[in-house]
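This report concerns only the one structure given below.
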Amino acid sequence: MNRYARETQDAKDFLYKIQKNKDKGDLKITNVKGLDRKNVLNLKILIGVDVSGSISQHQFNQFMRQIDRIKGLSVVKVIEIDTRIVSMYDYFKVPARNRIAKLGGGGGTEFTEFFEVAKKINPDAILFMTDGFVAGNIANPGIPTGWILTADGRKPYGFGDELFKLEHNSYRKHDEDKSNDDFDSEDDEDEDIDDD
0 MNRYARETQD AKDFLYKIQK NKDKGDLKIT NVKGLDRKNV LNLKILIGVD
50 VSGSISQHQF NQFMRQIDRI KGLSVVKVIE IDTRIVSMYD YFKVPARNRI
100 AKLGGGGGTE FTEFFEVAKK INPDAILFMT DGFVAGNIAN PGIPTGWILT
150 ADGRKPYGFG DELFKLEHNS YRKHDEDKSN DDFDSEDDED EDIDDD
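Here numbering that gives the first Met the number 0 is used: the first residue of the sequence shown is 0, the next is one more, and so on.
What follows is the structure, encoded as structure tokens:
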């Protein structure tokens, strides 16, 4: 089985399974009041993004494309972390409302603070995007967790599901400095943004 992400692979199946379990098998379509979007799932999704020194700008952009693919499914909160939380923000379906830190970390890798915050937020699901090279060990938080890994990454802890690995690319390190490598999804024209 090829565990590398095709350009269209994402975490939707993992999230649909969690919603189905939450609804006891009866998948429902939901609107969240007060937000300018219609959500397909009634889930609070917490996404961890590894921004440590081992993550390249290109890998960070791949992570952001993955978030872009699920942004309209439900309420999404993103935490960027290296050894500490670098940034925390809500990720919206309407791109103009998003405030993204551009790979603001760069230190070592330690996710203890992320999982402490996760326990307080108590999301329905955690998606974590990382290369998996971390210090320390974390106890299972008891929250369904899916790992999206870099091509050479590994699942860092004994809990959660390895969803897939992102593809290798032919990008050379010095090309990253010359390229903005915009992480906007290539399928934006398929996006259904309501003008209400």
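For every residue, glycine included, the Cβ atom is placed at its ideal position computed from N, Cα and C.
All values reported here derive from a predicted model rather than from experimental measurement.
| task | For my contact list, Leu-42 and Gln-18 are in at a C-beta cut-off of 8 Å; report their separation, rounded to the angstrom. | result | Beta-carbon to beta-carbon, Leu-42 and Gln-18 are separated by about 6 Å, close enough to satisfy the 8 Å threshold.
Can you list, in chain order, the residues of its chain whose CB lies under 8 Å from that of Leu-72, leaving out five sequence neighbours each side?
Within the same chain, Leu-72 has close Cβ partners Lys-11, Leu-14, Asn-38, Val-39, Leu-40, Leu-42 and Ile-44.
- request: Apply the 10 Å Cβ neighbour rule to Lys-119 and answer buried if 16 or more other Cβ atoms are within range, or exposed otherwise.
  value: Looking at its Cβ environment, which holds fewer than 16 other Cβ atoms inside 10 Å, Lys-119 is exposed.
Pairwise C-alpha distance: Ser-86 and Glu-112:
If you take the alpha carbons of Glu-112 and Ser-86, they lie about 12 Å apart.
Proximal residues to Glu-161 (C-beta, below 7 Å), its chain only, five neighbours per side dropped:
Correct list, in chain order: Trp-146, Leu-148 and Lys-154.
Q. Does the beta-carbon distance from Phe-62 to Val-48 come in below 8 Å?
A. In contact: Phe-62 and Val-48 (Cβ atoms closer than 8 Å).
Out of curiosity, what's the CA-to-CA distance linking Asn-60 and Asn-136? C-alpha separation (whole angstroms): 27 Å.
Going by DSSP in three states, Ala-134 sits in which element: helix, strand or coil? Ala-134: coil per DSSP, three-state reduction.
Could you tell me which residues DSSP pairs with Val-77 in its beta bridges? Residue pairing by DSSP puts Val-77 in a beta bridge opposite Ile-46 and Tyr-88.
Review point. Going along the chain, which residues of its own chain have a beta-carbon closer than 8 Å to the beta-carbon of Pro-140, five neighbours each way excluded?
Key: These residues qualify, in order along the chain: Phe-114, Ala-117, Lys-118, Ile-125 and Phe-158.
Helix, strand or coil, according to DSSP, for Thr-111 in the structure here? The answer is helix: DSSP assigns Thr-111 an H, G or I state.
Test item: CB-CB of Thr-108 and Ala-150 under 8 Å
Contact: no.
Out of curiosity, what's the CA-to-CA distance linking Phe-110 and His-167?
-> Those two C-alpha atoms are separated by around 24 Å.
| Rounded separation between Ser-53 and Asp-123 - CA only | So the alpha carbons of these two residues sit roughly 29 Å apart.
Taking only three categories from DSSP, how would you classify Leu-162? Here Leu-162 sits in strand by DSSP.
Give me, in chain order, the residues of the same chain whose beta-carbon lies closer than 6 Å to that of Leu-165; leave out the 5 immediate sequence neighbours on both sides. These residues qualify, in order along the chain: Ala-4, Gln-61, Thr-149 and Ala-150.
Per the DSSP calculation, Thr-82 is bridged to which residue(s)? As computed with DSSP, Thr-82 is found in no beta bridge at all.
Note to self: Just to confirm before moving on: does the CB-CB distance between Gln-65 and Asp-9 stay below 8 Å?
What the structure shows: One thing to note: Gln-65 has its Cβ within 8 Å of the Cβ of Asp-9.
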